[in-house]
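Numbering (the numbering used here), first residue to last: 2 to 500.
These notes concern the structure reproduced below.
Below, the structure is given as structure tokens:
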């Protein structure tokens, strides 16, 4: 039983491991697919970023070209012209509002008079029948109606002109808003460039300070090496002079002894001289032995001082010191050359720093001037924006008043507004969007009335010539006309009304 349980446990563990292996394999496959998908997404994102960067660069070039166009003299003259037009529109607006109020009052008065006259005329027609005076009264009323219709045409014409000017002003306001956005973006870019230049200047100053500190340290080290080399050179020169002096002295002494020995061999009085010189030679020999002993003592002292085991080691050490001094001398020369190179490099860096400082100062000054100009331009834009906004509000109010007036005119002329109301979901009020449609209806109604009036005028030979000439598109100036006087006929005495 235990063996069977152990085998079952192994089988379970193997199954769990296989399942875990399969799970890990699936996770690895998913991770690889996610990685491939992520790489593809990153590549597509990089392509999109490159495209967006290219688009932004093209937009930047376009904006710069647009800014150059905006700053041109033609646009400045156009702005001045727009300002003059706005001033003229303000003056014309007030005049037109006064004119409209006056025409409204006149229209109401004429409507009241027409109603009274129509009542009187109907009563006269019922009593006396059609007469020439009634016909003249009717003609005068029709003349008044034609005059008022012509006035409506004139008002519509001026209204259409103001609508066109308002559209142009809206376009100008949109362009000014775009220019303001472009100015803000340019101002932000200039500020970013200025901050970058300041950071670069700070980096250059840090580098110059570091280079100056390194130069000072190298100069101190080189000065210490120069002093040390000078001391060692002086010591070496004194040692060499002493050795050369000893060697020259020994050489002269041997040469002198050789010459004297040769002279003694040739002289006949050589024995006496030899005897004489023998004592001198012994004395000199003693002196030389003493000097040799002194040399030996000095050499021993040198060995003790240098702690060299022998003369060979001392000579080797001397040669090694000479080589070392020569290498130090070469090193000092190289260090001097390196110092000169560093000095020239530092001078060049200082020169570049000064040039960069002057360039940066000039650039900052130019940018400050440009910023001042742009700020002044922005302030002018803000002022013009406020002024244009006020004028736009006034124009909107004027349009709303005109819409109300057009609605009143369409109601009084009994225009068919059912089609417009169906489009606008049964709204009866005249809005700015439907103003043109209502005006088209009014214009159509007025044209029909004018045609009817023209036909009546042509048909009636007694109609004055002034009425016949006032047609649509003709002379629209108001004509001075006398008030129509209607004289009712006299009823004779004893007239029976019942008959």
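Glycine included, each C-beta is placed from N, C-alpha and C at the ideal position.
Which residue spans inside the stretch 4-52 form an unbroken beta strand (DSSP E) run of at least 3?
Those beta strand (DSSP E) runs which fall completely within the stretch 4-52 and span 3+ residues do not exist here.
Can you check the stretch 132-190 for any alpha helix (DSSP H) of at least 4 residues that lies completely inside it and give the ranges in chain order?
Here no run is fully enclosed.
C-beta contact flag for residue 191 and residue 336 at 8 Å:
No, the pair does not count as a contact, with Cβ atoms beyond the cut-off.
At the level of alpha carbons, what is the spacing between residue 448 and residue 68?
So the alpha carbons of these two residues sit roughly 49 Å apart.
At a cut-off of 7 Å, would you count residue 259 as near the ligand ZN, judging by its Cβ distance to the nearest heavy atom?
Looking for the ligand ZN in the displayed structure turns up nothing, as the structure carries no ligands at all.
Classify residue 417 as helix, strand or coil using the three-state DSSP reduction.
If DSSP states are grouped into helix, strand and coil, residue 417 belongs with coil.
Every unbroken beta strand (DSSP E) within the stretch 178-257, with a cutoff of 3 residues, ordered by chain
As far as the stretch 178-257 is concerned, it has no whole beta strand (DSSP E) run of at least 3 residues.
Around the C-beta of residue 396, are 16 or more other C-beta atoms found within 10 angstroms, so that it is buried, or is it exposed?
Residue 396 counts as buried, since at least 16 other C-beta atoms from the protein chains shown sit within 10 angstroms of its C-beta.
Candidates 375, 435, 381, 401: which alpha carbon is nearest residue 183's?
Relative to residue 183, the option among 375, 435, 381, 401 whose CA is nearest is 375.
Leaving out the 5 sequence neighbours to the left and right, which residues in its chain are closer than 7 Å to residue 145 when beta-carbon positions are compared?
Cβ within range, chain order: 111.
Are the stretch 158-171 and the stretch 324-332 touching, with three or more C-beta to C-beta distances below 8 Å?
No, they do not touch.
Residue from 431, 390, 419 with nearest C-alpha to residue 405
Nearest option by C-alpha distance: 431.
Please look up how many angstroms separate the CB atoms of residue 216 and residue 382, rounded, as I've assumed it's under 8 Å.
About 53 Å separates the CB atoms of residue 216 and residue 382; that is not less than 8 Å, and the two are not in contact.
Mark residue 47 as exposed unless 16 or more other C-beta atoms lie within 10 angstroms of its C-beta, in which case mark it buried.
Answer is exposed; the Cβ neighbour count stays below 16.
Using the beta-carbon count (16 or more within 10 Å), is residue 399 buried or exposed?
Looking at its Cβ environment, which holds 16 or more other Cβ atoms inside 10 Å, residue 399 is buried.
If distances are taken between C-alpha atoms only, which option among 389, 214, 411, 450 comes closest to residue 437?
For residue 437, the closest C-alpha among the options 389, 214, 411, 450 is that of 411.
Assigned exposure category for residue 479 - 16 Cβ within 10 Å defines buried
Unreliable placement is indicated for residue 479, whose pLDDT of 44 sits below 50; the coordinate value is still reported in the next sentence. Around the beta carbon of residue 479, fewer than 16 other beta carbons sit within 10 angstroms, so the residue counts as exposed.
Is DSSP giving residue 435 helix, strand or coil here?
Correct three-state label for residue 435: coil.
So, helix, strand or coil for residue 411, using DSSP?
Looking at residue 411 - three-state DSSP - the assignment turns out to be helix.
C-beta atoms of residue 143 and residue 389 nearer than 8 Å:
Between residue 143 and residue 389, the gap from beta carbon to beta carbon reaches 8 Å or more.
Roughly how many angstroms separate the alpha carbons of residue 95 and residue 166, rounded to a whole number?
Put simply, the backbone Cα of residue 95 is about 16 Å away from that of residue 166.
Given a cut-off of 8 Å on the beta-carbon distance, is the pair residue 452 and residue 416 in contact?
In terms of Cβ geometry, residue 452 and residue 416 do not form a close pair [threshold 8 Å].
Return the chain-ordered list of same chain residues with a C-beta closer than 8 Å to the C-beta of residue 285, the five sequence neighbours on each side being excluded.
Here residue 285 has no same chain residue with a Cβ atom under 8 Å from its own Cβ, once five neighbours each way along the sequence are excluded.
In angstroms with no decimal places, state the Cα-to-Cα distance between residue 91 and residue 180.
Here the C-alpha atom of residue 91 lies approximately 25 Å from the C-alpha atom of residue 180.
Let me make sure I understand the geometry here. Which of 321, 413, 87 has the alpha-carbon closest to that of residue 394?
Of 321, 413, 87, the residue nearest in Cα terms is 87.
Distance check for residue 446 and residue 414, CA to CA, integer angstroms please.
Their Cα atoms are separated by approximately 7 Å.
Straight-line CA distance for residue 12 to residue 18?
If you draw a straight line from the Cα of residue 12 to the Cα of residue 18, it is about 10 Å long.
Which of helix, strand or coil DSSP assigns to residue 328:
In this structure, residue 328 counts as helix in the three-state DSSP scheme.
Among residues of its own chain, excluding the 5 on either side of residue 205, which ones have a beta-carbon nearer than 8 Å to its beta-carbon?
Cβ within range, chain order: 354, 357.
Given residue 173 as reference, the closest of 77, 248, 362 once Cα atoms are compared:
Across the set 77, 248, 362, the C-alpha of 77 shows the shortest separation from the C-alpha of residue 173.
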